[in-house]
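Peer 1: The structure under discussion is supplied below as structure tokens; questions concerning it will follow.
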Amino acid sequence: MNSDVNICDDDKSTALIKAVQFQAEECAMILLQSDADPNVMDASGNTALHYAVYSKNTCTAANLLRHKAMIEAKNKDSLTPLLLALKENNQQMAEFLVDMGASIHAMDHHGRTSLMLTAGHKSKGTVRLLLQKGVDVCLKDRSGRTALSYVVNCSDNLKEIAVAYEEKQREMFQNKYPAEVLAGKTSEEEQARLDVCEVNELKGKNRYGQ
Numbered sequence: 002m003n004s005d006v007n008i009c010d011d012d013k014s015t016a017l018i019k020a021v022q023f024q025a026e027e028c029a030m031i032l033l034q035s036d037a038d039p040n041v042m043d044a045s046g047n048t049a050l051h052y053a054v055y056s057k058n059t060c061t062a063a064n065l066l067r068h069k070a071m072i073e074a075k076n077k078d079s080l081t082p083l084l085l086a087l088k089e090n091n092q093q094m095a096e097f098l099v100d101m102g103a104s105i106h107a108m109d110h111h112g113r114t115s116l117m118l119t120a121g122h123k124s125k126g127t128v129r130l131l132l133q134k135g136v137d138v139c140l141k142d143r144s145g146r147t148a149l150s151y152v153v154n155c156s157d158n159l160k161e162i163a164v165a166y167e168e169k170q171r172e173m174f175q176n177k178y179p180a181e182v183l184a185g186k187t188s189e190e191e192q193a194r195l196d197v198c199e200v201n202e203l204k205g206k207n208r209y210g211q
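Add 1 to the 1-based position in the sequence shown for the working numbering, that's all there is to it.
Printed below as a string of structure tokens:
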């Protein structure tokens, strides 16, 4: 092993990180074959895989993963490569990382989920993929916002998330209260009703541009 292959500059960037940043794919491959560590983090906590996301280079990302890059590595903002791809609205990279096994349940330091980060973008296919994979549509970030709060101004995603939200609320309520108990009014039932009203209100606002 070349003891200098992982040497860092003042920003804690390795030669591999630089090669990925500048999309020098052949150089990056040579470094990986020379035992360059793909999991070294720079001063921002980014790994080479994070920079492959920034570069929108799925080929380099695949090579890094083949050389044991950590797909769940988090930078200083607690962004995994998948969360970063969603934040950057890089649908192709996001779908690639999901296919490679990236967790859709990761959260950043604001408590934002993968669905929240993609909800406001015109990325209906990615939203649908995350919902199909079982992302929790009811989770709240540190500010108490759900994915619905992020999607209000994006009609492409509103219907999909709103429907999933209603179904999840109904499922959670039915699982908590057997049918014979539901004859009586409960505070949880009232909250579920209010949540559905909120969904319908959001749909109406989006439809009429209010």
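Every residue gets a Cβ at the ideal spot worked out from N, C-alpha and C, and that includes glycine.
Note that this is a predicted model, so its numbers are computed, not measured.
From Ala212 to Leu131, what distance separates their C-alpha atoms?
Peer 2: Examination of residue 212 is not possible in this model, given that the chain is present from 2 through 211 alone.
Peer 1: So which of Arg129, Leu149, Pro82 and Tyr166 has the shortest CA-CA distance to Pro1?
Peer 2: The chain is shown only over 2 to 211; residue 1 falls outside these bounds and no answer can be derived.
Peer 1: For Ala44 and Gln133, I'd like the C-alpha separation in whole angstroms.
Peer 2: 36 Å
Peer 1: Report the start-end ranges of each alpha helix (DSSP H) in the region 116–159 that is 4 residues or longer and not cut off at the edges.
Peer 2: 125–133 and 148–152
Peer 1: Straight-line CA distance for Leu66 to Ser144?
Peer 2: So the two alpha carbons sit approximately 34 Å from each other.
Peer 1: Leaving aside the five residues before and after Asp12 along the sequence, list all residues of the same chain whose C-beta is less than 7 Å from its C-beta, in chain order.
Peer 2: Asp43 and Ala44
Peer 1: Rounded C-beta distance between Thr15 and Val41? I'm assuming under 8 Å.
Peer 2: 5 Å
Peer 1: DSSP three-state label for Thr114, please.
Peer 2: Strand, per DSSP.
Peer 1: Grab me the residues of Leu33's own chain with a C-beta within less than 6 Å of its C-beta, minus the 5 sequence neighbours each way, in chain order.
Peer 2: Excluding residues within five positions, the ones whose Cβ falls inside 6 Å are His68.
Peer 1: Does the distance from the CB of Leu149 to the CB of Leu118 come in under 8 Å?
Peer 2: no
Peer 1: Apart from the five residues just before and just after Lys186, which ones in its own chain have a Cβ nearer than 8 Å to its Cβ?
Peer 2: Because the pLDDT at Lys186 is just 49, under 50, the model does not fix this residue reliably, and the value given afterwards should be weighed accordingly. No residues qualify anywhere along the chain.
Peer 1: Let me know if Phe23 comes out buried or exposed under the rule of 16 or more other beta-carbons within 10 Å of its beta-carbon.
Peer 2: Around the CB of Phe23, fewer than 16 other CB atoms lie within 10 Å, so the residue is classed as exposed.
Peer 1: Just how far apart, CA to CA, sit Ile8 and Met94?
Peer 2: 28 Å
Peer 1: Using a 10 Å radius around the Cβ and a threshold of 16 neighbouring Cβ atoms, would you call Gln175 buried or exposed?
Peer 2: exposed
Peer 1: What's the gap between the Cα of Glu26 and the Cα of Ser56?
Peer 2: 11 Å
Peer 1: Who are the near neighbours of Lys77 in its chain, counting only those whose CB is closer than 7 Å to its CB and skipping five residues on each side?
Peer 2: Ser45 and Gly46
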